[in-house]
Amino acid sequence: MELTKITVTRPSMPPYEEFIEEIKDLWESRWLTHTGPKHQELERRLCSYLETPFISLFSNGHMALELAIEAMGLSGEIITTPFTFASTTQAIVRNGIRPVFCDINPENYTIDAEKIEALITEKTSAIIPVHVYGNVCDVDKIDAIAKKHSLKVIYDAAHVFGVKINGRPIAAYGDMSMFSFHATKVFHTVEGGGVAFREEKYRSIFAMLRQFGQSSEEYVPMVGTNAKMTEIHAAMGLCNLRHIDEEIAKRGKAVKAYRELLSNVKGIRISLPRQGIKENYAYFPVVFDGYKYSRDEVFERLRNSNIFARKYFYPTTNTFAAYKDKFRAEETPTAQYIADRVLTLPLYADLKTEDVERICSLILQ
Ligand code: T4K
Numbered sequence: 000m001e002l003t004k005i006t007v008t009r010p011s012m013p014p015y016e017e018f019i020e021e022i023k024d025l026w027e028s029r030w031l032t033h034t035g036p037k038h039q040e041l042e043r044r045l046c047s048y049l050e051t052p053f054i055s056l057f058s059n060g061h062m063a064l065e066l067a068i069e070a071m072g073l074s075g076e077i078i079t080t081p082f083t084f085a086s087t088t089q090a091i092v093r094n095g096i097r098p099v100f101c102d103i104n105p106e107n108y109t110i111d112a113e114k115i116e117a118l119i120t121e122k123t124s125a126i127i128p129v130h131v132y133g134n135v136c137d138v139d140k141i142d143a144i145a146k147k148h149s150l151k152v153i154y155d156a157a158h159v160f161g162v163k164i165n166g167r168p169i170a171a172y173g174d175m176s177m178f179s180f181h182a183t184k185v186f187h188t189v190e191g192g193g194v195a196f197r198e199e200k201y202r203s204i205f206a207m208l209r210q211f212g213q214s215s216e217e218y219v220p221m222v223g224t225n226a227k228m229t230e231i232h233a234a235m236g237l238c239n240l241r242h243i244d245e246e247i248a249k250r251g252k253a254v255k256a257y258r259e260l261l262s263n264v265k266g267i268r269i270s271l272p273r274q275g276i277k278e279n280y281a282y283f284p285v286v287f288d289g290y291k292y293s294r295d296e297v298f299e300r301l302r303n304s305n306i307f308a309r310k311y312f313y314p315t316t317n318t319f320a321a322y323k324d325k326f327r328a329e330e331t332p333t334a335q336y337i338a339d340r341v342l343t344l345p346l347y348a349d350l351k352t353e354d355v356e357r358i359c360s361l362i363l364q
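Right under this line is the structure:
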């Protein structure tokens, strides 16, 4: 008998009938894209859920980040980390800006805030830290550094939808926060993304940048692109948002089971939230450091049982072939160390406790 395939993640889906009901009126209105009523409603609902004054929606998280960098007029150098998905670094480089890589801290794999100041030069315009896996950055320290050196901060918040720090929403930190609404994320619109911000002027700038730089049919004051969210995607978001709290709770149940089974195992490190964090259980990374099997051995063993964990985030972005000879990976040793040892285990709302137990017993046996 073939074992059921378990992948690192599996999208949450609203009830089929609910989605059909949500998109029904599009057959009447024939208004399918270009900031239509569903897009606008999703914006309003997300502002309320994420407790942010403004959010602009885009075709995906990557375009959201690229355009956030552009909208803020950043240039020169941006301090960031290489322990992330390709998108973060690519968004900086595609804006013609040099990423300056700061190492990560070994506890929760976010930027090591103690190492930021040494990397600041007269060319530095911003910091783009990544709240990786749902773990939050040292936001207070980053805020203090940014203020001291007059730098902008855009958080790559792709993994932290709904997270709070001591009751304060994650989007309240930095100048902007980019969220990914990709199918594999805690909250999704199939493909999609958003930037949360507090300065109203960016609303119209984002509206132009994502629609060919146009502000009206006959006036094109900016060089823009096409990065709009369609009404069908917004409809998926409206449905998913109604169920988000139960989906996060279901993920939490799987994480609890993992934590119980994998805590206190010699050579296995799991990350636990800092105090006061309301988690969203986005990913479950495990670091094999001195364990009886290497990360790659565990990866293979799971794969042989039809379980597809992922090496998020290996390799680090500063070693990508696209940037050959441009960066020195030795400058971010902790990122290299973790990237060589980390495995992200399957995690999604429908993951059964029996499956978590099976995965853990394959790792532990
Ligand atoms: N910043 C950070 C820190 C990010 O992690 C990401 C995206 C971004 C920025 C950019 O945001 P977006 O532009 O993507 O909105 C996946 C996702 O595509 C990507 O969104 C995500 N991060 C990244 C961490 O994971 P891949 O290349 O691993 O995707 P893929 O196709 O291998 O899918 C992973 C697993 O998900 C599959 O094994 C099966 C499952 N899956 C996937 C898809 C697409 C499904 O069950 N259904 C599906 O439709 O990047």
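Under numbering that gives the first Met the number 0, the residues of the sequence shown are numbered 0 to 364, in order. For glycine and all other residues, C-beta sits at the position ideal for the given N, C-alpha and C.
What number of angstroms, rounded off, separates the C-alpha of proline 98 from the C-alpha of methionine 175? 18 Å
I'd like the list of long-range same chain contacts for asparagine 317, defined as Cβ closer than 6 Å, with 5 residues on each side in sequence excluded. Pro81, Phe100, Phe326 and Ala328
Between which two residues does the beta strand (DSSP E) carrying proline 98 extend? 97-100
Confirm the yes/no value for this check: CB of tyrosine 311, any heavy atom of ligand 1, distance under 8 Å. yes
With a floor of 3 residues, list each beta strand (DSSP E) that falls wholly inside the region 95-157, ordered by position along the chain. 97-100, 123-127 and 151-155
Proximity winner among Pro128, Glu353 and Glu40, relative to histidine 232 (alpha-carbon distances): Glu40
Report yes if the C-beta distance between histidine 61 and threonine 229 is below 9 Å; otherwise report no. no
Return the bridge partner residues of methionine 175 from the DSSP annotation. Ile153 and Phe196
So leucine 64 and alanine 85 are in contact, right, with Cβ under 8 Å, and what is the actual spacing, rounded? Their Cβ separation, rounded to whole angstroms, is 12 Å, which puts leucine 64 and alanine 85 out of contact at 8 Å.
Touching or not, the region 218-228 and the region 266-277, by the rule of three or more beta carbon pairs under 8 Å? no
Starting from threonine 79, follow the beta strand (DSSP E) in both directions and report where the run begins and ends. 76-79
Using only alpha-carbon positions, find the residue among Gly236, Thr109, Val286 and Ser215 that is nearest to serine 179. Gly236
Does the pairing of the region 296-312 with the region 182-189 give three or more beta-carbon distances under 8 Å? no
Could you give the DSSP three-state label for serine 86: helix, strand or coil? helix
Between the Cα of histidine 33 and the Cα atoms of Met207, Met177 and Lys140, which residue gives the shortest distance? Met207
Rounded distance between the beta-carbons of isoleucine 115 and threonine 109, thought under 8 Å: No, threonine 109 and isoleucine 115 are not in contact; Cβ-Cβ is about 12 Å, not under 8 Å.
Residue range of the alpha helix (DSSP H) that includes isoleucine 169: Note, isoleucine 169: premise wrong, no alpha helix (DSSP H); not H, not E.
Short of 8 Å in beta carbon distance, which residues of its chain neighbour glycine 251, apart from the five on each side in sequence? Order them along the chain. Glu278 and Tyr280
Starting from proline 332, trace the alpha helix (DSSP H) both ways and give me its first and last residue. 332-338
With a 10 Å radius around its C-beta and 16 neighbouring C-beta atoms as the bar for buried, classify histidine 158 as buried or exposed. buried
Quick one, are the C-beta atoms of threonine 183 and valine 129 less than 9 Å apart? no
CB-CB length for glutamate 21 against cysteine 238, believed under 8 Å: 5 Å
State the Cα-Cα distance for the pair asparagine 107 and arginine 202, rounded to the nearest angstrom. 33 Å
Are the Cβ atoms of tyrosine 48 and leucine 261 separated by less than 9 Å? no
Decide yes or no for the touch test of the region 4-15 against the region 345-352: beta carbon pairs closer than 8 Å, at least 3 of them. yes
Threonine 224 to arginine 258 span [Cα, whole Å]: 44 Å
On a CA-only basis, which of Leu346, Ala321, Leu344 and Lys310 is nearest glutamine 335? Give me that one, please. Lys310
What whole-angstrom Cβ distance do serine 135 and isoleucine 153 have, given they're in contact under 8 Å? Serine is not the amino acid found at residue 135; the sequence shown has valine there. At roughly 15 Å, the Cβ-Cβ gap does not stay under 8 Å, so valine 135 and isoleucine 153 are not in contact.
Can you tell me which of Cys46, Glu121, Val264 and Asp142 puts its alpha carbon nearest to the alpha carbon of proline 168? Cys46
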